[in-house]
Structures are given as C-alpha cells and as structure tokens.
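Remarks on the structure that follows.
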Amino acid sequence: MSEPSESPSERSSWFGELWRSWPGRIGAALVGILVLAAVVSLVWTPYDPKQVEPRQKWLPVSWGHPFGTDGAGKDLLSQVLVGARTTLLVAVLTVVLAAVVGLTLGVLSAITPRLVGESLAYVIDVLIALPTLILALVFVAALGGSVWTVSLALGIGSGVVLARVVRAEVSRVLTQDYMITATASGSSTWRSIWRHILPNIASTVIVQLSLIAALAVLAEAALSFLGLTPVSTPSWGRMLESLQQTITVHPGALVFPGLAVVGATLGFNLLGDALRDAVDPRLRGRSATVSPVFSSVVDRVEDPAIAPVSGGGGT
Amino acid sequence: MRYVLRRLGLLLVAVVVASVVIFALLRLLPGDLARVIGGTQASPERIDAIRQELGLDRPLVRQYLDWAGGLLQGDFGRSALNGETVTGQLGTKLAITAPLVLASTILSVLVAVPLGIVAGARHRRADGIALSAVSQLGIAVPTFWAGLLLIIVFGVHWSVFPAQGFPRDGWDEPARAIESLVLPTITLALSQGAVLLRFVRSATLDVLHQDYIRTARAKGLTRSQALYRHGLRNASLPIISILGVQIASLIAGVVVIERVFNLPGVGQMLVRDIGARDLEKVQGTVLLLAVIVLVVGFLVDVAHRLVDPRLRVGG
Amino acid sequence: MTTLLEVEDLTVTIGGRPVVDGVSFVVVEGGRLGVIGESGSGKTMTALAIVGLTPDGAEVTGRVRLDGEDLVGRADRSYAALRGERVAMVFQDPRTALNPVMRVGRQISEPLRLHRGTGRREAARLAVELCERVGLPDPERTARAYPHQLSGGQRQRVGIAMALACRPALLIADEPTTALDVTVQAEVMALLRELVVSDGTALLFISHDIALVSGVVDDVLVMRDGRIVERGPVATITGAPEHPYTRQLLDAARRTSYGRRS
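Chains as they are written, first to last, in the numbering used here: chain A, 1 to 315; chain B, 1001 to 1315; chain C, 2001 to 2262.
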C-alpha cells in the first residue's frame, strides 16, 4: 500500500462491499434492531416493564404478550426492550473507552524510544493476562456494579488487548516507505500521527472495536446474571437470573432474553467479520497467528474474533 | 535452556507487576474497607479499631509489602469478615473447579480441533460452511444461557443429570460427584470449543494458502496428504498459542458456570466474596488466578520454542 | 523425436476472465522450451494448469497430454500420481516454497518414498546424494538442516533436488532464479542446464527475461495477455523478432541486463 489514506471513493466502496455480503447484512440488521429497541423503549413500551400484575403471571406467548409474562405478571417483551438500553449503553461506553485506551497505549508504545516502548508493551502483555471478566469483577467489588463501573472495567480490559493490536499496526505502518519520506521531509510527530498513521490503522481498529462491542454484550449479561449489577438497572442478564429460579416449572421464559443476548452478540460479530472482509479481501476467512502471551513483537494482526475474547469469552 | 531461564525471570516480574496492579485497584479505589466490615451501625471508635487491626492506617506501600511478604510465605490472605484463609478454602474448592476445568479443556480440544481442521480444509464445501456457521453462532451464545438450556433439556425435561449442586460429601461419592459435573463440563466445553473451532479453522486456512503446500502437491501429495503431512505441523504453532490464551476465558467461564450449576468451587467463592466486599480474600484469589494464567502463558511460550525450529537459537 | 507434452487450446478462466487464452504448444522428449512474458501474461498459470495446480475457483479447459495421456479434468488423486514422478516443478520463491518446520533432507526424500516406495533409510541416503548432486556444501549436514538455515540459492538447489529426485520426464521451472542475487542466478542456471542435459529431462522454463533463458532453451514462446504472440527458435527470436511486443521485451532486457548475452 503506498497510498497514505483512503480517497472518499475507496471509503464508500468498502461500505458497499459490507452491504453485499450476507454476514454484513445480517450483522447490520441485528445491530440495527438493538439500537431501535433501545431508542424506542425510551419513549414507549407495550406495557410498563416494572408493573406487577399477579393475575397475569406466566402467560404464554400471545398477541397481547409476544414474549409472555414472568412470575410477577410483568411483560417480558417490555423488559427485553428496556434491557436493550443497558446493553447498548454498556457496549457504546466500552467501545469508546477501549478506543481511547487502546489507541493511546498502542501508539505510545510503538513510537516512543525503544526502552520505554518495549516496557510499555510488556506491561500491556501482563495486563492482558488478567481475564477481562475477572478484572470487571474486581472493579465491581470496589466500586459497585453500575453501568459506568462495568463499562469502565470492560473498556480498560478490552482497551489493553486493543493496544497490542494497535502497536503492531502502527509498527507496520511506520516501516512503510512513505512514512520514512514524511519524517525525512520534516513533518512533526503530531502531524505524522494524525495525517498518516491513524487513517491507515483505522480499518483494523474499527473491526476490532465491533468485536469488542460483542464482548461487552456478553460480559454485561454475565455480570448482571451473577447478580453484581443493581436490581434497578434493567438487564437481560438480570432477567435470566431471576427466571432461573423457576426454571423447572417455566423453562420457556428463559428463551427470549437469551436470544436477545445471542442476537446482539452475533450482530456485532458478523458486522466485525464483514467489515474485515470489506476492508481487506485478502484476509477473507483467515486470521493471523496469535503471538505467545509474552512476546512483545507481534508479527501480524491478531484475529479480531479471538483477541478480545481472551478476556471474557467464557461469558 | 538459557531461554527458559530468561522467560522464567520475566514470568516472575510479571507476577510482581500483576500483584501491584491488583493491589492498587483494590486499595486506591474509593470505599472504606473498615466501614464495610464494621457495618453501618458501628461506632467511629470501632471502625478505627478495625482499621488499626487490619493495618489500613499504614501507608499504602507498607500495606503492599506486608501483603507481598505474606504471599511469599504462602499466605494468600485472610478474610477480614470471618477469618477464613484463601489457602484454607482452596483445597475443597479446587477439588471441584480443577476437574471441571481440565475435563472441559480436554473435551473441547478433542472436539474442536478435528472439526476446525475439517472446517478449514473444506471451507468451500457445504459441510465446511455449515461448521463455520455453527461456530459463529456458538461464540455468540452466552455460556450461562447454554448452561441453562442444558439444564432444561437434560436436567429437568429428561432428568438424566442433576440440574444443580454438588454432593455434600464431595468426592467421597465419586459417582454422584461425576454426575453433577457432566452438564457443567459439556457447557463449558461447548463454549470454549466454539471459539477454538473458529481459530483452528482460521489457522488451517492460513496454512493451506502457503506456498509449501503447493510444493508438496507438486511432489505428488494429494490435497489431504499435503495438509496432514506438511500443514498440520505448521498449524499446530498458532493452535498452541491459542490454547494458552484460552485459559483466561476459561477462568471467566468457570466463574459463571459455577453460579449456574450451583457448584461450590473457586468461582463461586470469588463471587460471594465480591458480593460481601471481602477484599482481602478477593485480592488473594484474583492474584492466584492471574498467576495461573501467567504460568500457562509461560508454558505455552516454552512449548512453542520446542516445537518451532525457527525459534531455536543456534539450531 | 517423440512428443512428450502436448498442449492444445488450453484456457484458464478465473472469475470470468481468461487468464490463459487458447494456448497450444508441444514439447518433445529431452526438448527445452522457454515461455517468456511479463507478469500477468499467463505464463505461470499455464504451467500450473499443466500440472493441475491452478487455484481453487479457476476453470481449465482444453487438452493437455503427457505421453499421450489426457490430464485436464483428472481427479486430484490420479493427477498426484504423475506429479513429482513424470512431471515436476520448481517454484519461484525459495523463502516460501519449502516447509519451514521440516528438515530439508526429509523434504527431498519425500517424492522417492511416495512414488518409488523407497524405505526411510534408503531414501535419506539418496537425499544426501541428491544434495551433493545439486552442489550443496556439506551434503550430510545440509540434509539435516531446516530451510531457514540455508541461503536463498541453497534453498533453490533443494527445490531442484526435490523436483529431480524421481528423474521426471519433464521439469517445469517457474522463474527459478528471479528471487535470487545476480551472482547466484548464474550458478543456479548453470546447474539446471547441466542436470537437464545429463538426465535428458525435457524442460519448460518460464521467465520474464528472454536473455536469461537463451542459454538454456532451444525454442521460445512469447506470451502476452494469456496468448502466444510469437514462437520460434531462441536465436531467431532474439536476433530477428517479428512481433512488436517481442521487440519491446528485448529492448527492455538489453537496457537492464549487465553485459549478459542478448
């Protein structure tokens, strides 16, 4: 690649590519549904999700209650819609924070002089050894389980993994010919970063971020399932936790919140896959090797479907 | 040999760094431990007394050194709430968690690696595509939901396995103990397996596109012969790496699974301690988990070194 | 002069586009033919089509006959029986053509064990002999080395050893020296020439450099955009090229070659 940044026509073409593939369409649709559900729930839900109606308890799926009701007569569809809000909020916050942490640490460790950069890379590798979910548990222990705390923990955890990828990408970009020319011609470091480095790693980072979003959805569901988030915050994981208590008599109700989590996660994952294929068709269906946990030198870009998962895929 | 020693040294440094990070997270975050322990009714004098008892009034660095010193002597921390020690509890808890982790890892490797190779080798055929789609779905399913579903089908509907819990007498009743671990193991194995399958598939595809596969075929090897005699040995390198990375997500998964199936293992202990804000124990347990991850990473690095002739120095 | 390889109207289509378009030529036993063209001319794809190693998704039509046997459309298994035994190939990039985690000697002995059923020990011994034959220093030690321990030129010699292990009737060499240093190029070319002449192996030599092949082949095909634009004895082509494209290639070669015979 000798072009420093994408021209507008190139950018729009990969967006078009995204739409053309099936994973891209399904992924975009699922994420779209999530966003829609979250936004709609702000102004309207079929019923008040918190309204207890003892006489309506355990109603089966029907036109009046598309998902049925739970043991307190609360409409499940409304609960799922409201839960989408939390899921989306956590996903967005996590992605933003991960981007900030990942880009800062990654770029710093790649451009600073050898000793600083390498030690930073080493610290990053060690931090990656702390499973993201465990890290989140620790944060929750100290700060409580609010949406902000959870997002903070997940954001930092995934940000650190992203930093390693960013570092590899920036190192790769720095060795390209045009970069050497740019520094030779005297452009300052800051300008170099903004104009040359960032646009080139943007596509890889975007792909990783969509997968971090998927991870955030799973992690938030797991944390609320474990009962670590406040009851007042509506959440799919919480729904499943309370529904588990009546699993023997009313197993059916568990399906819907679970499907919601699957749908949201799948949506982000597919989106990430499709983005990766659209950005670089050479990588289609393939990955790159994952470096050993301790190696500070990452040869190639890590498989986005795997790298963020290392912390919390078990959720 | 020198390499092993060097990596061992780095491992120790990593453990120290991890301990600092964990300690810092728990101490520097807001929240007065003494007040938590004393309870909301405690008088200021009582809280002060607790603080002195636990050494919380001493400078942070001193506190850290005290803790670190204790660690070196094998004291992983003691609960300020009920006096239990981490090491004391570990015996019984690990008897449940360790077999679970081992069995599910073995199961997931036995299933996912061959299937992943098939998925990669036949990536254009119907069965390869189907496998890929199934694994894509598999990584989107939250582990705890999969567990709940399995409970519904095998624990409630068909009553084949116990839906929850672990026999009170533990391993003294081996048959019942194993029975209670079957569903959790399968759940965890499925979850990890989906991720592993995707990765093995990727690694296989990567290898199949290499020039030396074409050379092998040019010598007269059929496609499958070339894959098995030349490809697999190369693909095993990234696969070894991913197994090491998976340990982190496995730990996260165990925590959730123990909650779903109500198994009194290390994970359940951790969540309970977090809920009770028992930071002393949380500190020690999390460090222990981090050390396990780091050690596994170290072992993976060494294994990598042994298997890949290119990494051997002066070979 | 018996015909060894007959290519008739060979067409390779990838993604609807013909990369090789109606190519026909003949190679006789012991004959040596050069295929010249720039990248994208379809010369490598022609070679791959002959041995049945075109990439997935490529469509091959036409006729390829080796010793009178039809090749196109064969199942992989029956094609594989011929590869390495009757027709062998040397590839362009020595850095990637060898399996990095397998010792070189074992890679050389593989075709022997595969096609001749040679036992492990005997094959290892023959591999060392082959290493010596291709001019590798300290053949015993080299056979036990891994590819990354050898230089580019040495790796290419290994590639040649692997290809000639079973003494195939036809050797296809796809730009075997392009990725090598200029000094090493001459050595490897000389080696190829010597081996091919002494074994009586037919040679199909693919290159972008007409001057390079003129010392090794008797006849030449010039390819462009998947088609043959000119053919004839190498002296005629280089001395009095008819097609304007051939003249362009020659001019370019003269301009960049450093005192090579042109």
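Just so it is clear, CB atoms sit at the ideal spot from N, CA and C, and this is done for glycine as well. Here the structure is a predicted model, which means the values were calculated and not measured.
- Val2196 (chain C) is outside the set of residues whose beta carbon lies under 8 Å from a beta carbon in chain B.
- Closest in C-alpha terms to Gly2057 (chain C), from the list C:Ala2081, C:Ser2041 and C:Val2019, comes C:Val2019.
- Sequence-distant partners of Val1207 (chain B) (beyond 5 residues in either direction) whose C-beta falls short of 6 Å from its own C-beta, in its chain, are Gly1231, Asn1234 and Ala1235.
- Remark: C-beta atoms of Val2051 (chain C) and Ala1218 (chain B) approach each other more closely than 8 Å.
- When B:Gly1070, B:Gln1136 and B:Leu1237 are compared, the shortest CA-CA separation from Asp273 (chain A) is found for B:Gln1136.
- Chain A has no Cβ within less than 8 Å of the Cβ of Trp1067 (chain B).
- Using a Cβ-Cβ cut-off of 8 Å, Ala2190 (chain C) does not count as an interface residue toward chain B, since no Cβ of chain B sits closer than that to its own.
- Per DSSP, Met2089 (chain C) lies in no alpha helix (DSSP H) segment; the continuous beta strand (DSSP E) that holds it begins and ends at Val2087 to Val2090.
- Here Thr2002 (chain C) is not near Val2026 (chain C), since their CB atoms are 8 Å or more apart.
- Here the C-alpha atom of His2208 (chain C) lies approximately 23 Å from the C-alpha atom of Gly2030 (chain C).
- Contact with chain C is absent for Gly1147 (chain B), since none of that chain's Cβ atoms lies less than 8 Å from the residue's Cβ.
- With fewer than three CB-CB distances shorter than 8 Å, the stretch 218–234 of chain A does not count as touching the stretch 99–113 of chain A.
- Among the CB atoms of chain C, none fall inside 8 Å of the CB of Tyr1064 (chain B).
- Any Cβ of chain A closer than 8 Å to the Cβ of Gly1220 (chain B) would place that residue at the interface, and such an atom is absent.
- Under DSSP, the beta-bridge partners assigned to Arg2083 (chain C) are C:Val2087.
- Interface annotation, Thr2096 (chain C): in contact with chain B, CB-CB separation under 8 Å.
- With fewer than 16 other Cβ atoms from the protein chains shown falling within 10 Å of its own Cβ, Ile1106 (chain B) counts as exposed.
- In this structure, C:Val2216 is the residue among C:Val2216, C:Ala2202 and C:Thr2201 with its C-alpha nearest to the C-alpha of Val2188 (chain C).
- In terms of Cα proximity to Pro1238 (chain B), the closest of B:Ile1257, B:Val1260, B:Ala1303 and B:Arg1124 is B:Ala1303.
- In the structure shown, the three-state DSSP call for Ser2214 (chain C) is coil.
- Listed in chain order, the positions of the stretch 1182–1200 of chain B with a beta carbon within less than 8 Å of a beta carbon of chain A are Leu1188, Ser1191, Gln1192, Val1195, Arg1198 and Phe1199.
- Using a C-beta cut-off of 8 Å, the stretch 2095–2111 of chain C makes contact with the stretch 2147–2162 of chain C, since at least three inter-stretch Cβ pairs fall below that distance.
- Under the Cβ distance rule, Pro1142 (chain B) counts among the residues neighbouring chain A, one pair being separated by less than 8 Å.
- Rounded to the nearest whole angstrom, the CA to CA distance from Gln1089 (chain B) to Val1271 (chain B) is 14 Å.
- Val217 (chain A) is a Cβ neighbour of Phe268 (chain A), given a cutoff of 8 Å.
- In the structure shown, Pro66 (chain A) adopts coil according to DSSP, grouped into three states.
- In the three-state scheme derived from DSSP, where H, G and I count as helix and E and B as strand, Glu1084 (chain B) is classed as coil.
- Using a CB distance cut-off of 8 Å, Phe2205 (chain C) does not count as an interface residue toward chain B.
- Ranking C:Gly2040, C:Gln2156, C:Gly2034 and C:Val2090 by CA distance to the CA of Arg2017 (chain C) puts C:Gly2040 first.
- Taking the Cα of Pro1162 (chain B) as reference, the smallest distance to any Cα among B:Val1141, B:Val1260, B:Ala1119 and B:Val1296 is reached at B:Val1260.
- Beta-bridge analysis with DSSP links Ala2049 (chain C) to no other residue.
- Interface annotation for the stretch 2044–2055 of chain C against chain B: Val2051 and Leu2053, criterion Cβ-Cβ distance under 7 Å.
- Excluding sequence positions up to five before and after Thr1087 (chain B), its CB lies within less than 6 Å of the CB of Phe1076, all in the same chain and listed in chain order.
- By the Cβ rule, the stretch 1145–1154 of chain B counts as touching the stretch 251–263 of chain A, because three or more pairs are nearer than 8 Å.
- Counting C-beta atoms within 10 angstroms of its own C-beta, Arg2155 (chain C) has 16 or more neighbours from the protein chains shown and is therefore classed as buried.
- Taking the CA atoms as reference points, Thr1097 (chain B) sits about 8 Å from Val1254 (chain B).
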